[in-house]
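Peer 1: Quick one: structure below, then a few questions.
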């Protein structure tokens, strides 16, 4: 995890339902972009942490939201840092082509929330925030880029969850600092 002077960091979860299995040739262009995009994220200003499956370079093998759903869970120092990576880097090319590989979601597929600096959210915590957004709409506890809240607005919703053991964090996932490896 990178050092930060911020009291709160922005966590994000996005889920994507695959049109085809990851080993299908139609998904190969997405798979080929994983390592370069992950390396760009790891080196991006404001990047703090990304979920990585134990023994892998990314989290695409984790399926906590369904067998055909991949998850991306990360933490950033600021909303601006995440926005810049998502929309002003090589990641944008993946987003532009997402319909080739992923089904269109009819409900929220991205959720943002503030966490105390140093806290690494679990997949369970992230899925709870997504469910909250889907059920109740945006709030300081669960929001989107379009319905954003500041860390100050969300301060009363920051909760410190005791750190889980790596095996508990995501069913075999490991909590990996940015410098450890490239990840999804």
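In the working numbering, the protein residues as written are 308 to 491. We put the CB at the ideal spot given by N, CA and C, even for glycine.
#1: Tell me the start and end of each unbroken alpha helix (DSSP H) in the stretch 391-420 that is at least 4 residues and wholly inside, in chain order.
#2: Pick helix, strand or coil for residue 470, following the three-state DSSP scheme.
#3: Which of helix, strand or coil does DSSP assign to residue 428?
#4: Of the residues 336, 381, 330 and 436, which one's Cα is nearest the Cα of residue 425?
#5: Which one or two residues does DSSP pair with residue 389 in a beta bridge?
#6: Quick one: any contact between the stretch 334-351 and the stretch 399-408, if contact means 3 or more CB pairs under 8 Å?
#7: Counting pairs of Cβ atoms below 8 Å between the stretch 363-370 and the stretch 387-405, do you hit three or more?
#8: What does the alpha-carbon distance come out to for the pair residue 435 and residue 332?
#9: DSSP has residue 319 in a bridge; who is on the other side?
#10: Would you call the CB atoms of residue 355 and residue 398 closer than 8 Å?
#11: Assuming residue 350 contacts residue 385 under a Cβ cut-off of 8 Å, what Cβ separation, rounded to an integer in Å, is found between them?
Peer 2: According to the structure data:
#1: Fully enclosed alpha helix (DSSP H) runs of 4 or longer: 398-403 and 405-408.
#2: Within the chain shown, residue 470 is the residue found at index 163, counting from 1. Any reading at residue 470 must be qualified, since the residue scores a pLDDT of 46, below 50, and its modelled position is unreliable; the value itself is stated next. In the structure shown, residue 470 falls within a coil segment according to DSSP collapsed to helix, strand and coil.
#3: Looking up residue 428 in the chain shown gives position 121. Secondary structure at residue 428: coil, using DSSP grouped into helix, strand and coil.
#4: Along the chain shown, read from residue 1 onward, the residue named residue 425 stands at position 118. The option with the nearest alpha carbon to residue 425 is 381.
#5: Here residue 389 refers to the residue found at position 82 of the chain shown. DSSP, once it has assigned bridges, lists no residue as partnering residue 389.
#6: Segments in contact, yes.
#7: With the cut-off at 8 Å, the stretch 363-370 and the stretch 387-405 do not touch.
#8: Taking the chain shown and counting its residues from 1, one reaches residue 435 at position 128. Taking the chain shown and counting its residues from 1, one reaches residue 332 at position 25. Distance between the alpha carbons of residue 435 and residue 332: 33 Å.
#9: Counting from one through the chain shown, the residue named residue 319 turns up at place 12. Residue 319 is bridged by DSSP to 381 and 419.
#10: As a working mapping, residue 355 is identified with position 48 in the chain shown. As a working mapping, residue 398 is identified with position 91 in the chain shown. Judged by their CB atoms, residue 355 and residue 398 are not nearer to each other than the 8 Å cut-off.
#11: Looking up residue 350 in the chain shown gives position 43. Looking up residue 385 in the chain shown gives position 78. Contact flag wrong, Cβ pair sits at about 16 Å.
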